[in-house]
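Working notes, structure below.
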Amino acid sequence: MLNKLLAAVLFTGALGASLLPVGTSFGGESDHEQARRALEAGEILSLRTVMDLVERDYPGQIVKIEFERDDGIWIYEIKVLQSGGKLIKIEIDARDGIVLKIKEPDSKHKGRD
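What follows is the structure in structure tokens.
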């Protein structure tokens, strides 16, 4: 399963695609379709852009990506497996790439509130 997800992420990036279909659907429309519309409307950054930011600032391997709307804000939730086996979850505001929250076993960093 993990290899398939990583392959999907790498494949998506290799094609230069801006979105990865993940998560559940809302109102019959997939996350992929919602994300595509939001990107076309200029409401969010592309997944590739956000992945580049994450890869630069949080070394490791991206293992999971989710796209969701929380309290009216589009959020990319990205899990990164870092060296030593530490898994961190980063919530990023899809509009501007600002880190909202980081959850990791030994840190209390909350990001922007």
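Read in order, the letters of the sequence shown correspond to residues -17 to -1, 1 to 96 in mature numbering (1 follows the signal peptide of the UniProt record, and there is no 0). Ideal Cβ placement from N, Cα and C applies to all residues, glycine included.
- Message: Can you look up leucine 64 in the DSSP assignment and give me helix, strand or coil?
- Response: Here the question's residue 64 lines up with position 81 in the sequence shown. Leucine 64 falls in the strand class under three-state DSSP.
- Message: At the level of alpha carbons, what is the spacing between valine 5 and glycine 67?
- Response: As a working note, residue 5 is residue 22 in the sequence shown. As a working note, residue 67 is residue 84 in the sequence shown. With a pLDDT of 44 at valine 5, under the threshold of 50, the predicted position of this residue should be treated as unreliable, though the coordinate-derived value follows. For valine 5 and glycine 67, the distance between alpha carbons rounds to 27 Å.
- Task: Within 10 angstroms of the Cβ of isoleucine 45, are there 16 or more other Cβ atoms? Answer buried if so, exposed if not.
- Result: Working through the sequence shown from its first residue, we reach residue 45 at position 62. Buried, because 16 or more other Cβ atoms sit within 10 Å of the Cβ of isoleucine 45.
- State the Cα-Cα distance for the pair glycine 43 and glutamine 65, rounded to the nearest angstrom. What you label residue 43 is simply residue 60 of the sequence shown in a count that begins at 1. What you label residue 65 is simply residue 82 of the sequence shown in a count that begins at 1. Rounded to whole angstroms, glycine 43 to glutamine 65 spans 4 Å at the Cα level.
- For the alpha helix (DSSP H) that arginine 52 lies in, which residues bound it at each end? Taking the sequence shown and counting its residues from 1, the one referred to as residue 52 is at position 69. Premise fails: arginine 52 lies in the beta strand (DSSP E), 44 to 53, not in any alpha helix (DSSP H).
- Message: By the three-class DSSP mapping on this structure, what secondary structure does leucine 30 have?
- Response: To locate residue 30, count along the sequence shown from 1; it is residue 47. Looking at leucine 30 - three-state DSSP - the assignment turns out to be helix.
- Item | Exposure of valine 71, with buried meaning 16 or more beta-carbon neighbours within 10 Å | Taking the sequence shown and counting its residues from 1, one reaches residue 71 at position 88. Going by the sequence as given, residue 71 is isoleucine instead of valine. Classification of isoleucine 71: buried, given that the 10 Å Cβ count is 16 or more.
- Near lysine 47, what residues of its chain come up, given a Cβ to Cβ distance below 6 Å and the 5 sequence neighbours on each side ignored? Taking the sequence shown and counting its residues from 1, one reaches residue 47 at position 64. Hits under 6 Å: Lys62.
- To the nearest angstrom, how far is it from the Cα of arginine 78 to the Cα of isoleucine 27? As a working note, residue 78 is residue 95 in the sequence shown. As a working note, residue 27 is residue 44 in the sequence shown. Each residue's Cα considered, the two are about 4 Å apart.
- Query: Should aspartate 14 go down as buried or exposed, given a rule of 16 or more other Cβ atoms within 10 Å for buried?
  - Reply: Position 31 of the sequence shown, counting from 1, holds the residue named residue 14. Buried is the call here.
- Message: Cutting at 8 Å between CB atoms, please list the residues of its own chain near alanine 21, excluding the five before and the five after it.
- Response: Counted from its first residue, the sequence shown places residue 21 at position 38. Excluding residues within five positions, the ones whose Cβ falls inside 8 Å are Ile27, Trp57 and Ala77.
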